Amino acid sequence: MQSVLQHCKTLILPFNCAFSAEAPVHPELCLPKPPKPPPDLPLEIWWEIFQFATYIHYSSTVKPMDPFTPCRTTTNANGPNTPYVAMKTKLSLVLVSKSWRKVGIRLLYQHLVIRSPARANALLQVLESSKTPPIELSDPVQLDTPPAARTLGYGEWTRHVEVLTHVRGSRDIRFLQTTFQILRNCVNLQMLSGRWMHGLPIEFLNGVAGMLGPRLSELYWNERTIKPDFIDTLSSPEFLGAFRALRVLDLRHWVGKELDSRSPDAERSELPFVQDLILSTHPRSLQTATILKLPRLSNLSLRNPAWKAGITEELLKAFLKAHGAFLSSIDLSYPLTELEVDVDYHATRKGAAQLSLEPFLDPAVCPNLETLTFSTVSPRFGPETHHPTLRRIALRGVTADCLYPDKQTQVTAHLKAIDEDKFPRLELVQLSGFLVEAHTDSVIKDVCIWWVEHFEKKGVDFLDGEGVLWAYSEPEPEVGKTAEKTSKEASSVENSSKDGPCLKETSLQTKEANKKAKIEQAETSP
Numbered sequence: 001m002q003s004v005l006q007h008c009k010t011l012i013l014p015f016n017c018a019f020s021a022e023a024p025v026h027p028e029l030c031l032p033k034p035p036k037p038p039p040d041l042p043l044e045i046w047w048e049i050f051q052f053a054t055y056i057h058y059s060s061t062v063k064p065m066d067p068f069t070p071c072r073t074t075t076n077a078n079g080p081n082t083p084y085v086a087m088k089t090k091l092s093l094v095l096v097s098k099s100w101r102k103v104g105i106r107l108l109y110q111h112l113v114i115r116s117p118a119r120a121n122a123l124l125q126v127l128e129s130s131k132t133p134p135i136e137l138s139d140p141v142q143l144d145t146p147p148a149a150r151t152l153g154y155g156e157w158t159r160h161v162e163v164l165t166h167v168r169g170s171r172d173i174r175f176l177q178t179t180f181q182i183l184r185n186c187v188n189l190q191m192l193s194g195r196w197m198h199g200l201p202i203e204f205l206n207g208v209a210g211m212l213g214p215r216l217s218e219l220y221w222n223e224r225t226i227k228p229d230f231i232d233t234l235s236s237p238e239f240l241g242a243f244r245a246l247r248v249l250d251l252r253h254w255v256g257k258e259l260d261s262r263s264p265d266a267e268r269s270e271l272p273f274v275q276d277l278i279l280s281t282h283p284r285s286l287q288t289a290t291i292l293k294l295p296r297l298s299n300l301s302l303r304n305p306a307w308k309a310g311i312t313e314e315l316l317k318a319f320l321k322a323h324g325a326f327l328s329s330i331d332l333s334y335p336l337t338e339l340e341v342d343v344d345y346h347a348t349r350k351g352a353a354q355l356s357l358e359p360f361l362d363p364a365v366c367p368n369l370e371t372l373t374f375s376t377v378s379p380r381f382g383p384e385t386h387h388p389t390l391r392r393i394a395l396r397g398v399t400a401d402c403l404y405p406d407k408q409t410q411v412t413a414h415l416k417a418i419d420e421d422k423f424p425r426l427e428l429v430q431l432s433g434f435l436v437e438a439h440t441d442s443v444i445k446d447v448c449i450w451w452v453e454h455f456e457k458k459g460v461d462f463l464d465g466e467g468v469l470w471a472y473s474e475p476e477p478e479v480g481k482t483a484e485k486t487s488k489e490a491s492s493v494e495n496s497s498k499d500g501p502c503l504k505e506t507s508l509q510t511k512e513a514n515k516k517a518k519i520e521q522a523e524t525s526p
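For the sequence shown, the UniProt record's numbering begins at 1 and goes up steadily by one.
What follows is the structure, encoded as structure tokens:
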């Protein structure tokens, strides 16, 4: 009956005002669309995605980045991750849903930075309060859960703790007590980075060594103060020897005690699992590393910092005498600032005195050396340089204007000095951090191909920082005598352009020869 009345109304009043209707004309335009839910993926997949979105190298490891790691040109409008951006992303992830919170909370507490006493107190309060969640009597699952599974808290997910003591109040003993309690709550801690601006009491050192010694895998201990002159601290090689599970040890800013008066017959502390060692050219760093026993040492990163430090050849020779036989990879260059953080990096560092490559390329000192990384400002290879086991060379600090073969630059001098007589087993030469695609120079690809062909004659691969071996695309083969003529013309053009770096003309002339051959073939065909 209602539908009949409505039909009669439309017959009597065919023209109606749209604004008199109770319902909106287009309800789909007036109501906001519900937000699209995220795709239904397993939590393991979300974990990998979140890790990629918040990854920062020095937050994940103390070890420097491998110079042969392929770099990529940044396509993100926001650029690479920074600690501030990564922390904002982590805080946003835990607010999306309960399932995302379970995954994001692990990333949020994975790397803890203690910047001040106030922040240390807040972190300790959160870690302590998260240990024992409230138990609901109506939930039988929580009643059946053993107490050991409910007392770990957020500290279960912490893998890296970084302690900074630049703020006022960091010298107070209460700050050290709070820091020690935070370390005690992180039951699965793997990395510890400490920047100590003040002297540490022996009780704190013994407590940290006794608690973290059996399970810590990476350690960075910085005792360098703001003053340029080093002073003695209570740290000793025996303190380092307590960390028996270490894999990575960073002693760039180690101070310790004066070791000149140490007896040569004194027992040496052993770190049986250390594979990566990061040192500076300061005497304290080299002396301490020489005293330690490192039977599994494989990778050495030696930094020449911009702050006051003296390069002592005797100490370097003593270190290589003690550990040179174990080294398979040596990095003598400064790291790239856009890839990893280096507190010693400075613009004047490139012009500072660099280490000579000869002591490390002596087969009697480093007989098992396979990888060598150095900067463009390093001294050149000597005429008698020879190493039978070296397989890879990485060159850092390369710029496009220094790569032209006809220019007399330090880069071209290093590259031209590499030959099969000096390094008979050499397989790879890579320009670490130099991305050909990121340069606007239209000729840089041709220059890179020139170097590829230069090293190809020696049986060596030449790659850029992205890990790409550049080459020209081969022309399509022709059939018959015309194809033979075309190949001969192309080979003659290539032979005539071997002496010059401008390889783009070679490619253009080859294309013109192919085009002329196709025209001749079309004219002769019936």
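C-beta atoms are modelled at their ideal positions from N, C-alpha and C, and glycine is treated no differently. Being a predicted model, the structure only gives us computed values, none of them experimental.
Beta carbon of residue i nearer than 7 Å to that of residue j
{"i": "F204", "j": "L249", "result": "no"}
{"i": "K257", "j": "S280", "result": "no"}
{"i": "G324", "j": "V274", "result": "no"}
{"i": "S432", "j": "R396", "result": "yes"}
{"i": "M191", "j": "H166", "result": "no"}
{"i": "S329", "j": "N368", "result": "no"}
{"i": "F50", "j": "L91", "result": "no"}
{"i": "V377", "j": "Q408", "result": "no"}
{"i": "E162", "j": "V113", "result": "yes"}
{"i": "H439", "j": "A400", "result": "yes"}
{"i": "G213", "j": "F180", "result": "no"}
{"i": "K445", "j": "V452", "result": "no"}
{"i": "residue 527", "j": "T233", "result": "Because the chain is modelled from 1 through 526, residue 527 falls outside the range shown and cannot be assessed."}
{"i": "Y84", "j": "W157", "result": "no"}
{"i": "H198", "j": "R174", "result": "no"}
{"i": "F68", "j": "Q430", "result": "yes"}
Classification of residue i by the beta-carbon crowding that lies within 10 angstroms, buried from 16 upward
{"i": "G459", "result": "exposed"}
{"i": "A289", "result": "buried"}
{"i": "D331", "result": "buried"}
{"i": "Q287", "result": "buried"}
{"i": "N222", "result": "buried"}
{"i": "G465", "result": "buried"}
{"i": "G153", "result": "buried"}
{"i": "A398", "result": "Residue identity check: residue 398 is Val in the sequence provided, not Ala. Buried."}
{"i": "N304", "result": "buried"}
{"i": "L168", "result": "It should be pointed out that residue 168 corresponds to Arg in this sequence rather than to Leu. Exposed, since its Cβ has fewer than 16 Cβ neighbours within 10 Å."}
{"i": "E484", "result": "Residue confidence for E484 is low, a pLDDT of 43 falling below 50, so the modelled location carries little weight; the figure read from the coordinates is stated next. E484 should be labelled exposed."}
{"i": "K102", "result": "exposed"}
{"i": "I202", "result": "exposed"}
Three-state secondary structure assigned by DSSP to residue i
{"i": "Q125", "result": "helix"}
{"i": "N304", "result": "coil"}
{"i": "F273", "result": "coil"}
{"i": "A394", "result": "strand"}
{"i": "S99", "result": "helix"}
{"i": "T61", "result": "coil"}
{"i": "I56", "result": "coil"}
{"i": "V161", "result": "strand"}
{"i": "L316", "result": "helix"}
{"i": "F175", "result": "helix"}
{"i": "S280", "result": "strand"}
{"i": "F326", "result": "helix"}
{"i": "T389", "result": "coil"}
{"i": "L112", "result": "strand"}
{"i": "D344", "result": "Any answer about D344 is weak, because its pLDDT of 48 lies below 50 and its placement is not dependable; what the coordinates show is given next. Of the three classes helix, strand and coil, the one that applies to D344 here is coil, per DSSP."}
{"i": "L292", "result": "coil"}
{"i": "L372", "result": "strand"}
{"i": "D401", "result": "helix"}
Residue nearest to residue i in terms of C-alpha spacing, selected from the options
{"i": "S261", "options": "W157, E270, L216, R284", "result": "R284"}
{"i": "F462", "options": "G169, E218, I393, E48", "result": "I393"}
{"i": "E384", "options": "E420, L355, L372, T371", "result": "E420"}
{"i": "K36", "options": "V96, S442, V452, S170", "result": "V96"}
{"i": "R252", "options": "S378, G194, E270", "result": "G194"}
{"i": "F381", "options": "L234, S356, F434, W46", "result": "S356"}
{"i": "A322", "options": "L292, R303, A209", "result": "L292"}
{"i": "F52", "options": "T89, Y84, T69", "result": "T89"}
{"i": "Y58", "options": "Y220, P272, L320", "result": "Y220"}
{"i": "R268", "options": "N81, F239, L212, R247", "result": "F239"}
{"i": "G241", "options": "T69, N206, Y55", "result": "N206"}
{"i": "W450", "options": "T412, L426, F423", "result": "T412"}
{"i": "T61", "options": "H414, H111, S263", "result": "H111"}
{"i": "V126", "options": "G155, G104, R115", "result": "G155"}
Short CB-CB distance (under 7 Å) between residue i and chain B
{"i": "E420", "result": "The chain labelled as chain B is not found in the depicted structure, where only one protein chain is given."}
(Q) Suppose only complete runs of 3+ residues qualify. What are the beta strand (DSSP E) ranges in the stretch 182-262, listed by chain order? (A) Within the stretch 182-262, the runs of beta strand (DSSP E) that reach at least 3 residues and sit entirely inside it are, in chain order, 191-195, 218-222, 248-250.
Q.
To test your reading of the DSSP string, which unbroken beta strand (DSSP E) runs of 3 or more residues are found completely within the stretch 417-469?
A. Contiguous beta strand (DSSP E) elements confined to the stretch 417-469 occur at 428-432, 461-463, taking only those with 3 or more residues.
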